[in-house]
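The sequence shown runs -1 to 352 under my numbering.
Every residue gets a Cβ at the ideal spot worked out from N, C-alpha and C, and that includes glycine.
Values in this document were obtained by computation on a predicted structure and should not be read as measured data.
Here the structure comes first, spelled out in structure tokens, and everything after it is commentary.
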Amino acid sequence: MLNPERIELVRLRLGLTKSGFAKALGIDRKTVQRFEAGTHELSQNSVDNLIKISGYPQKFFESGKIDYPNSEAVSFRSLRSLTATSRNAALAAGALAFELDDWINERFELPDHSLPQLDNHTPTEAAIALRTHWGIGERPIGNMINMLESHGVRVFSLSEGTRHLDAYSFWRNDKPYVFLNTMKTPEHSRFDGAHELGHLVLHRHGGPSHRNAEDQANAFASAFLMPIADVKARLPFVHGLNDLIRGKKRWKVSTAALAYTLHKQGVISDWHYRGYCIELNKLGRTKEPHGIESETSQVWQKILTDLWREGVTITHIADALKIPEHELSNLLFGIAAAPNTQEKQKPNSLKLVE
Ligand SMILES: [Zn+2]
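The structure is reproduced here in structure tokens:
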């Protein structure tokens, strides 16, 4: 018996509409509709075509219920430019991540989350409260992904081939999840991580209207990555764009994000801010002057290395989950393909218990 839910998931992963999917399988749209509604079986010929175009094995389609991120609880930015196809493909990747996470949880004991609920705070207050709660004061965040992971957030990567999707986050069974688009600049990605952290602590129980929630998450991210007192102490004056480009290294943010914060704090005048924005636009949005290196997950690195030592490779995991290896690799920052056996960076707060 094929599970219509799983066929739909793969259709979404392929970024296909029902008509496009029908065409690819060599059947008509109504058959796909009837099949997804559970009133019609697919012919073996169609299933064979599906396996061929998707790379998913048949046993994936024959497995049980699959848990999906609830699209209403997810707040996407730049909704206007984000197509429904890209959004659905990204959410379907979330469903695969849940499968993987469940598989991992049966084998490893990962830390519980330490995210307080701060929905009665303003975004700036919440950022300060969280820093205090985590004991990091006003220090810059060296690595945003590791910061999230060491506080029990599961971080996955999205390789969706679209720049319109930034990131999304989610609570599931009292576990926080963050999905980051790896096509962004590393600075942008760090901001996305902090933005999603904002959603997790501010909007867990249903936030305000969409527009507001996005603004709040952005304000949280600015305050979390660039503690106002520290920024003002280090950059009391800005004489030109180069001051910003030099200054941003401390907080590992984009020049634009630092300019925005300093403008908001009154360090940069409206007139100068407009000028910096024009200059930065000329430099382009896809490249950051003096860019930093991409961040990656230490938790996945550690887990994959441990499994690899026991002879469990990425192929075995993909097999156990009945998904193609490239789907797994997409979620794991591409680390899965070649586990790094040199344990140079051991996260001290992470305990993995077999
Ligand atoms: Zn958001």
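Query                                                                                                                                                                                   : Result
With a Cβ-Cβ cutoff of 8 Å, do Leu98 and Leu319 count as a contact?                                                                                                                     : yes
Can you grab the Cα-Cα spacing for the pair Leu242 / Ala165, in whole Å?                                                                                                                : 26 Å
Under a three-way DSSP split, which group does Asn216 fall into?                                                                                                                        : helix
Taking 7 Å as the limit, name every residue whose beta carbon sits nearer than that to some heavy atom of ligand 1, in sequence order.                                                  : Ser73, Phe74, Arg75, His193, Glu194, His197, Ala211, Glu212 and Ala215
By Cβ distance below 8 Å, which residues in the same chain neighbour Phe19 in space, the five residues on each side in sequence not counted?                                            : Arg9, Leu12 and Val30
Kindly identify the DSSP beta-bridge partner or partners of Leu178.                                                                                                                     : Ser155 and Ala165
Under a three-way DSSP split, which group does Arg170 fall into?                                                                                                                        : strand
Just checking my contact of Tyr175 with Ser187 at CB under 8 Å: how many whole Å lie between their CB atoms?                                                                            : About 16 Å separates the two Cβ atoms, so there is no contact after all.
Report yes or no: do the region 147 to 161 and the region 246 to 257 share at least 3 C-beta pairs separated by less than 8 Å?                                                          : no
Would you tell me roughly how many angstroms separate the C-alpha atoms of Val236 and Phe74, rounded to the nearest one?                                                                : 33 Å
Which residue marks the beginning of the alpha helix (DSSP H) containing Ile226, and which one marks its end?                                                                           : Ile226 to Arg232
Can you give the beta carbon distance from Leu198 to Trp169, rounded, assuming they're within the 8 Å contact cut?                                                                      : 7 Å
Suppose the cutoff is 7 Å on Cβ atoms and the five residues either side in sequence are ignored; what does the same chain contact list for Phe58 look like?                             : Arg4, Lys320 and Ile321
Please classify Asn179 as buried or exposed, where buried requires at least 16 neighbouring CB atoms within 10 angstroms.                                                               : buried
What is the C-beta distance between Glu286 and Glu185, in whole angstroms, given that I count them as a contact (C-beta under 8 Å)?                                                     : 5 Å
Going straight from the alpha carbon of Val310 to that of His270, what length do you get?                                                                                               : 56 Å
Roughly how many angstroms separate the alpha carbons of Gly36 and His324, rounded to a whole number?                                                                                   : 29 Å
Going by alpha carbons, who is nearest to Leu330 out of Leu305, Val297 and Asp317?                                                                                                      : Val297
Spell out a yes or no on whether the region 119 to 127 and the region 39 to 53 are touching, meaning 3 or more CB-CB pairs, one atom from each, closer than 8 Å.                        : no
Please state whether the Cβ-Cβ distance between Phe260 and His162 is less than 8 Å.                                                                                                     : What sits at residue 260 in the sequence shown is Leu, not Phe. No, these two residues do not count as a Cβ contact at 8 Å.
Check whether the Cβ atoms of Glu293 and Met142 lie closer than 8 Å to each other.                                                                                                      : yes
On the DSSP letters alone, give me the boundaries of the alpha helix (DSSP H) that Asn279 sits inside.                                                                                  : Asp268 to Leu281
Give every residue of the same chain whose Cβ lies closer than 6 Å to the Cβ of Ala219, excluding the five residues on either side of it in the sequence, and list them in chain order. : Phe189, Ala192, His193 and Gly196
Alpha carbon to alpha carbon, how far is Asn118 from Arg202?                                                                                                                            : 11 Å
What's the C-alpha gap between His131 and Ala82?                                                                                                                                        : 38 Å
So Pro138 and Trp249 are in contact, right, with Cβ under 8 Å, and what is the actual spacing, rounded?                                                                                 : 5 Å
Quick one: Cα of Phe177 to Cα of Leu146, how far?                                                                                                                                       : 12 Å
Distance check for Ser155 and Gly264, CA to CA, integer angstroms please.                                                                                                               : 36 Å
Just the C-alpha distance for Leu14 and Asp317, rounded to the nearest angstrom, thanks.                                                                                                : 24 Å
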